[in-house]
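Q:
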Amino acid sequence: MSLSIVKSVRPGGVVQIAPRGEIDVDTAYEVREAIAEVLAKARPVRIELNMRLVTFIDSVGISAMVAGFQTCEVSGVKLVVTEPSRFVHRQLWVTGLLGLFGAPEPWFADDAPEVLPGA
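Just so you know, the sequence shown maps onto residues 0 to 118 in numbering that gives the first Met the number 0.
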C-alpha cells in the first residue's frame, strides 16, 4: 500500500498534515518532507499530524515522526498527533512516545458522528 499526504491550513495558525496508508521504511521520508515543507513556507503556531487514516507504522515511521517533532521544536512550532488510528496509538504507547505527541486518544470509527443521508 502507498502513502498519500494531504496538507490543509486550519483556523488559528494551525496546519494539518494528514497521511493516509502505511508509514514504513519506503514511505517515512514523505512524512519528514511534508513537515519540512510546511516549516519552509511558514511558521505555523502548531502542526497537527492527523493519523486517523494510517493503517500501519513501523519503527522507521516512528523515527520520522520524532525527527519531525525535533525539527518543529527547534523552529518554535508545536507538533502534535491528532486522532491516531488504534494501530498508531498502540505503537506510540508501546514505544513510550505517546506523551511526546500530546497523549492523543485513539480515533475509533464507532465514535464518529452518524451522518444521515440527505443531511
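Every residue gets a Cβ at the ideal spot worked out from N, C-alpha and C, and that includes glycine.
Would you decide whether Ser3 is buried or exposed? Buried here means 16 or more other CB atoms lie within 10 Å of its CB.
A: Exposed, because fewer than 16 other Cβ atoms sit within 10 Å of the Cβ of Ser3.
Q: Might you give, ordered along the chain, the residues of its own chain that have their beta carbon closer than 7 Å to the beta carbon of Ala118, omitting 5 neighbours on each side?
A: Its pLDDT being 45, under 50, Ala118 is placed unreliably by the model, and the measurement read from it follows with that caveat. Taken in chain order, the list of residues that qualify is empty.
Q: In the DSSP assignment, the alpha helix (DSSP H) including Phe86 goes from what residue to what residue?
A: Looking at the DSSP string, the run of the alpha helix (DSSP H) that includes Phe86 is Arg85 to Val93.
Q: Residue range of the alpha helix (DSSP H) that Thr26 falls in?
A: Run containing Thr26: none; DSSP gives neither H nor E here.
Q: When you compare each of Phe100, Pro83 and Asp57 to Asn49 by their alpha carbons, which one comes out closest?
A: Checking every option, the nearest Cα to that of Asn49 belongs to Pro83.
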